[in-house]
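Contents: one structure, followed by commentary.
What follows is the structure in structure tokens.
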């Protein structure tokens with residue numbers, strides 16, 4: 018999967034009725050993508066601006082529709098920045114997608130529903146010579162892992178976690194930025210739809226055939242290791258997730274990392290959406306990840322990243338210190354305090 | 018996936034140039050399926066019989082082609098009982114499949130290549146009103162696991178192992194037979210193509226979307242638990258497999274078993290096909306499987322099954338005793354010595 022966007026391209030991001038708190042992809046792209054976001058579509062917030070809600074990113078107007086966006090910007094693409102439960106296409110978005118294609122914009126989506134399979138969009142896109150880019154469609158030529166990732170020259174760092182949505186992608190991208198600021202030749206290996214949209218390439222590991230999931234990760238590692246000295250690999254799920262642990266396990270054995278960074282959300286006590294499944298002590302996770310890796314490609318938890326957004330600064334500092342104690346490794350909240358303490362432990 | 022075969026139906030099994038040693042599916046079906054195998058196709062062994070090679074199963078002629086089989090039997094289906102590396106369709110089989118469809122037989126295959134996608138076969142099958150059954154095609158409506166398997170009333174037993182091809186399916190089916198002989202209402206949950214062909218239903222877990230693998234297992238457990246007191250679940254791969262561990266992990270967390278049976282092949286020292294990956298001591302596997310299950314649905318290795326086919330009887334007895342010592346649990350070779358010792362530990 019490769020997305021035809023350059024750093025000097027610009028996109029409009031669709032986030033109707035969900036910006037910013039339930040628009041994880043939109044906010045991820047605003048914060049981390051190289052290309053510019055020149056408008057956000059949210060019909061509930063038309064007239065406001067991105068800066069009203071997300072500080073520290075380039076500001077942009079929020080408008081009610083693609084037509085309205087085209088009045089104020091000349092984008093290269095429309096990017097779907099939200100995902101309803103189930104990953105379907107919301108029919109209320111159809112006029113926006115239609116307007117984008119008719120204006121010559123590519124459309125980029127990470128839904129389970131594929132834009133390319135929609136007859137109207139496919140016909141319009143063919144007519145207008147624009148691309149419909151479904152980042153969640155895995156390549157057709159995936160195969161089983163050859164067990165080769167442990168032999169690459171690059172240093173491979175994988176983020177793991179105690180649950181889904183504990184900041185694995187965010188931590189990975191903060192580490193990437195901090196490493197590059199130090200002059201390290203670092204690369205990002207994206208494994209989910211938001212990461213792929215940000216990076217412009219990648220394979221959605223959760224959507225591959227189960228037998229090929231580790232092979233998909235391996236393929237990305239071998240490719241990216243040709244170009245970089247250090248690779249930061251976006252983790253997924255958790256090794257004790259009732260539904261997604263297989264994907265997590267495939268990431269661990271497919272990437273064969275030299276070091277792990279353990280992410281956790283402060284105060285989280287049960288698996289998100291599976292409230293009968295308690296989150297065990299973080300030491301249990303350390304033992305499981307390291308134990309499972311050992312016979313395949315030994316690694317260790319070298320640092321921790323704690324999401325402290327629900328705490329004030331002082332409580333956050335205390336929580337980070339306690340987390341570091343428990344892990345017996347350096348830890349921080351990389352969004353709040355920067356990624357340097359983690360990076361020092363890794364490089 | 019459901020296969021339209023009843024116990025009084027009969028099938029012809031295709032195993033060209035590979036019967037019996039490289040025809041795992043053919044031999045599995047001969048040994049364990051309820052329906053009758055009335056001929057085997059192997060052009061290298063035409064004129065011999067099944068009984069010349071596989072004792073203890075109902076004898077049948079080996080013939081050179083489907084045409085020759087139709088001279089001596091009136092089957093309901095042709096079943097592809099071998100799988101080339103890569104799971105492709107060998108064009109030398111085309112005349113046999115064509116002859117089967119023209120004779121009104123269904124055709125059952127577990128290849129990565131789907132018969133239904135072959136234009137000639139699809140057209141012939143439509144014309145003749147026969148079914149092309151690709152058991153490796155997962156259902157289209159799979160979804161994520163709800164974490165519900167631990168709540169079923171049935172006792173769930175999962176076979177796990179130290180590698181692929183350590184006897185997980187065989188052990189599962191020997192346990193099923195032995196339990197039924199004791200009058201236990203036991204069911205079989207098939208998770209791979211051979212198991213599905215034997216049972217006539219099931220989902221090929223390795224071929225599902227990675228995010229849905231545990232959900233596919235859960236769906237089968239919930240369904241089968243309605244009908245049985247004990248479920249024997251066919252395991253796949255191993256939790257430290259460089260390529261397939263994600264599938265194994267999804268099976269563990271999707272089935273949430275009450276007990277595990279650890280399978281191993283005596284003398285195996287490295288992962289099959291991944292010779293640089295040593296097989297660690299079996300205690301390591303016990304710790305990993307039990308540790309990984311504990312936070313989700315606690316379980317333990319209650320017994321062991323050792324494949325001793327390379328040893329003589331005395332050496333086999335010694336190997337089984339040593340294996341039981343190491344596991345600190347009862348163990349046997351269920352094919353050689355029967356499954357009773359394992360069953361005693363489980364029920």
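Chains as they are written, first to last, in our numbering: chain F, 18 to 364; chain S, 18 to 364. Just so it is clear, CB atoms sit at the ideal spot from N, CA and C, and this is done for glycine as well. All of these numbers come straight from a predicted model, not from anything done at the bench.
Looking only at its own chain, which residues have a Cβ that is under 6 Å from the Cβ of residue 233 of chain S, when we skip the five neighbours before and after it?
As a working note, residue 233 of chain S is residue 216 in the second chain. The answer, listed in chain order, is 159, 220, 222 and 225.
Within 7 Å: the Cβ of residue 83 of chain S and any heavy atom of the ligand FAD?
In the structure on display, the ligand FAD does not appear, and there are no ligands present to speak of.
Check whether the region 135-144 of chain S touches the region 161-175 of chain S, taking contact to mean three or more Cβ pairs, one atom from each stretch, closer than 8 Å.
no
Measure the Cβ-Cβ separation of residue 63 of chain F and residue 81 of chain F and say whether it is below 8 Å.
The residue labelled residue 63 of chain F in the question sits at position 46 within the first chain. The residue labelled residue 81 of chain F in the question sits at position 64 within the first chain. Contact: yes.
Given a cut-off of 8 Å, decide if residue 318 of chain F and residue 344 of chain F are closer than it, judged by their beta-carbon atoms.
Within the first chain, the letter at position 327 stands for residue 344 of chain F. Within the first chain, the letter at position 301 stands for residue 318 of chain F. Going by C-beta atoms, residue 344 of chain F is nearer than 8 Å to residue 318 of chain F.
Buried or exposed: where does residue 19 of chain F fall if 16 or more other Cβ atoms within 10 Å of its Cβ makes it buried?
Within the first chain, numbered from 1, the residue matching residue 19 of chain F stands at position 2. By the 10 Å Cβ count, residue 19 of chain F comes out exposed.
Measuring only the C-alpha atoms, how far is residue 360 of chain F from residue 334 of chain S?
Within the first chain, numbered from 1, the residue matching residue 360 of chain F stands at position 343. Within the second chain, numbered from 1, the residue matching residue 334 of chain S stands at position 317. So the two alpha carbons sit approximately 55 Å from each other.
Reduced DSSP secondary structure (H/G/I, E/B, other) of residue 209 of chain F:
For the purposes of this step, residue 209 of chain F is taken as the residue at position 192 of the first chain. Residue 209 of chain F: coil per DSSP, three-state reduction.
Would you verify that the beta carbon of residue 52 of chain F is, or is not, closer than 8 Å to some beta carbon of chain S?
Residue numbering aside, residue 52 of chain F sits at position 35 when the first chain is read from its first letter. No, residue 52 of chain F lies away from the interface with chain S (no Cβ there is under 8 Å from its Cβ).
For the region 213-239 of chain S, which residues have a CB atom closer than 7 Å to at least one CB atom of chain F, in sequence order?
222, 223, 224, 225, 226, 227, 228, 230, 231 and 232
Keeping to the same chain, check which residues put their C-beta closer than 7 Å to that of residue 357 of chain F; ignore five residues upstream and five downstream.
Walking along the first chain from the start, residue 357 of chain F turns up at place 340. So the qualifying residues of the chain are 195.
Mind checking if residue 270 of chain S is an interface residue toward chain A, Cβ cutoff 8 Å exclusive?
This model lacks chain A altogether; the protein chains it does include are F and S.
With DSSP as the reference, label residue 279 of chain S as helix, strand or coil.
To locate residue 279 of chain S, count along the second chain from 1; it is residue 262. Of the three classes helix, strand and coil, the one that applies to residue 279 of chain S here is strand, per DSSP.
Mind the definition here: the region 325-333 of chain S touches the region 294-303 of chain S only if three or more C-beta pairs lie below 8 Å; say whether that holds.
no
Please return the same chain residues whose Cβ sits closer than 6 Å to the Cβ of residue 217 of chain S, not counting the five positions on each side in sequence.
As a first step, residue 217 of chain S must be located in the second chain, where it is residue number 200. The answer, listed in chain order, is 20 and 22.
With 8 Å as the C-beta to C-beta threshold (strictly closer), list the residues of the region 244-260 of chain S near chain F in chain order.
256, 257, 258, 259 and 260
Rounded to whole angstroms, what is the Cα-Cα separation between residue 268 of chain S and residue 292 of chain S?
Reading the second chain from its first residue, position 251 is the one you call residue 268 of chain S. Reading the second chain from its first residue, position 275 is the one you call residue 292 of chain S. Residue 268 of chain S and residue 292 of chain S: Cα-Cα distance of roughly 25 Å.
Could you spell out the range, first to last residue, of the alpha helix (DSSP H) harbouring residue 27 of chain S?
Residue numbering aside, residue 27 of chain S sits at position 10 when the second chain is read from its first letter. Per DSSP, residue 27 of chain S belongs to no alpha helix (DSSP H); it is in the beta strand (DSSP E), 27-31.
Contact list for the region 171-187 of chain S against chain F, Cβ threshold 9 Å:
none
In whole angstroms, give me the CA-to-CA distance for residue 123 of chain F and residue 135 of chain F.
The residue you call residue 123 of chain F lines up with position 106 of the first chain. The residue you call residue 135 of chain F lines up with position 118 of the first chain. Taking the straight line from one Cα to the other gives about 15 Å.
Three-pair Cβ contact test at 8 Å for the region 88-98 of chain F versus the region 62-76 of chain F
no
Could you give the residue range of the beta strand (DSSP E) that holds residue 311 of chain S?
Walking along the second chain from the start, residue 311 of chain S turns up at place 294. Premise fails: residue 311 of chain S is in no beta strand (DSSP E) and is neither H nor E.
Residue burial classification, residue 263 of chain F (beta-carbon count within 10 angstroms, cutoff 16)
Within the first chain, the letter at position 246 stands for residue 263 of chain F. When all chains shown are included, residue 263 of chain F counts as buried.
Under 8 Å between C-beta atoms, does residue 309 of chain F make it to chain S?
As a working note, residue 309 of chain F is residue 292 in the first chain. At least one chain S Cβ lies under 8 Å of residue 309 of chain F.
Closer than 9 Å between beta carbons: that is the criterion. Which residues of the region 67-81 of chain S meet it against chain F?
none
Would DSSP call residue 36 of chain F helix, strand or coil?
Numbered from 1 along the first chain, position 19 holds the residue referred to as residue 36 of chain F. In this structure, residue 36 of chain F counts as coil in the three-state DSSP scheme.
Cβ neighbour criterion (16 or more within 10 Å) applied to residue 303 of chain S
For this step, residue 303 of chain S is matched to residue 286 along the second chain. It is buried - the Cβ of residue 303 of chain S has at least 16 other Cβ atoms within 10 Å.
Can you name, in chain order, every residue of its own chain whose Cβ lies under 7 Å from the Cβ of residue 237 of chain S, other than the five neighbours on each side?
The sequence position of residue 237 of chain S within the second chain is 220, counting from 1. These residues qualify, in order along the chain: 206, 219 and 220.
Drop a sphere of 10 angstroms on the beta-carbon of residue 153 of chain S, count the other beta-carbons inside from all chains shown, and report buried for 16 or more, exposed for fewer.
For this step, residue 153 of chain S is matched to residue 136 along the second chain. Classification for residue 153 of chain S: buried.
Are the C-beta atoms of residue 122 of chain S and some chain F residue less than 8 Å apart?
Here residue 122 of chain S is taken as the residue at index 105 of the second chain, counted from 1. Chain F, which has no Cβ nearer than 8 Å to the Cβ of residue 122 of chain S, makes this no.
At a Cβ cut of 8 Å, what residues of the region 312-324 of chain F count as close to chain S, listed as they run along the chain?
312 and 313
If you compare alpha carbons, which of F:73, F:281, F:249 and F:32 is closest to residue 184 of chain F?
To locate residue 184 of chain F, count along the first chain from 1; it is residue 167. The candidate whose alpha carbon is nearest that of residue 184 of chain F is F:281.
So if I threshold CB-CB distances at 8 Å, which residues from the region 160-171 of chain F count as touching chain S?
161, 162, 163 and 164
Just curious, the alpha helix (DSSP H) that residue 43 of chain F is in, first and last residue?
Within the first chain, numbered from 1, the residue matching residue 43 of chain F stands at position 26. Residues 41-49.
Quick one: Cα of residue 146 of chain F to Cα of residue 121 of chain F, how far?
Translated into the one-based positions of the first chain, residue 146 of chain F becomes position 129. Translated into the one-based positions of the first chain, residue 121 of chain F becomes position 104. If you take the alpha carbons of residue 146 of chain F and residue 121 of chain F, they lie about 8 Å apart.
Am I right that residue 87 of chain S and residue 43 of chain S are in contact with their C-beta atoms under 8 Å? What's the rounded C-beta distance?
Mapped onto the second chain, residue 87 of chain S falls at position 70. Mapped onto the second chain, residue 43 of chain S falls at position 26. No, residue 87 of chain S and residue 43 of chain S are not in contact; Cβ-Cβ is about 18 Å, not under 8 Å.
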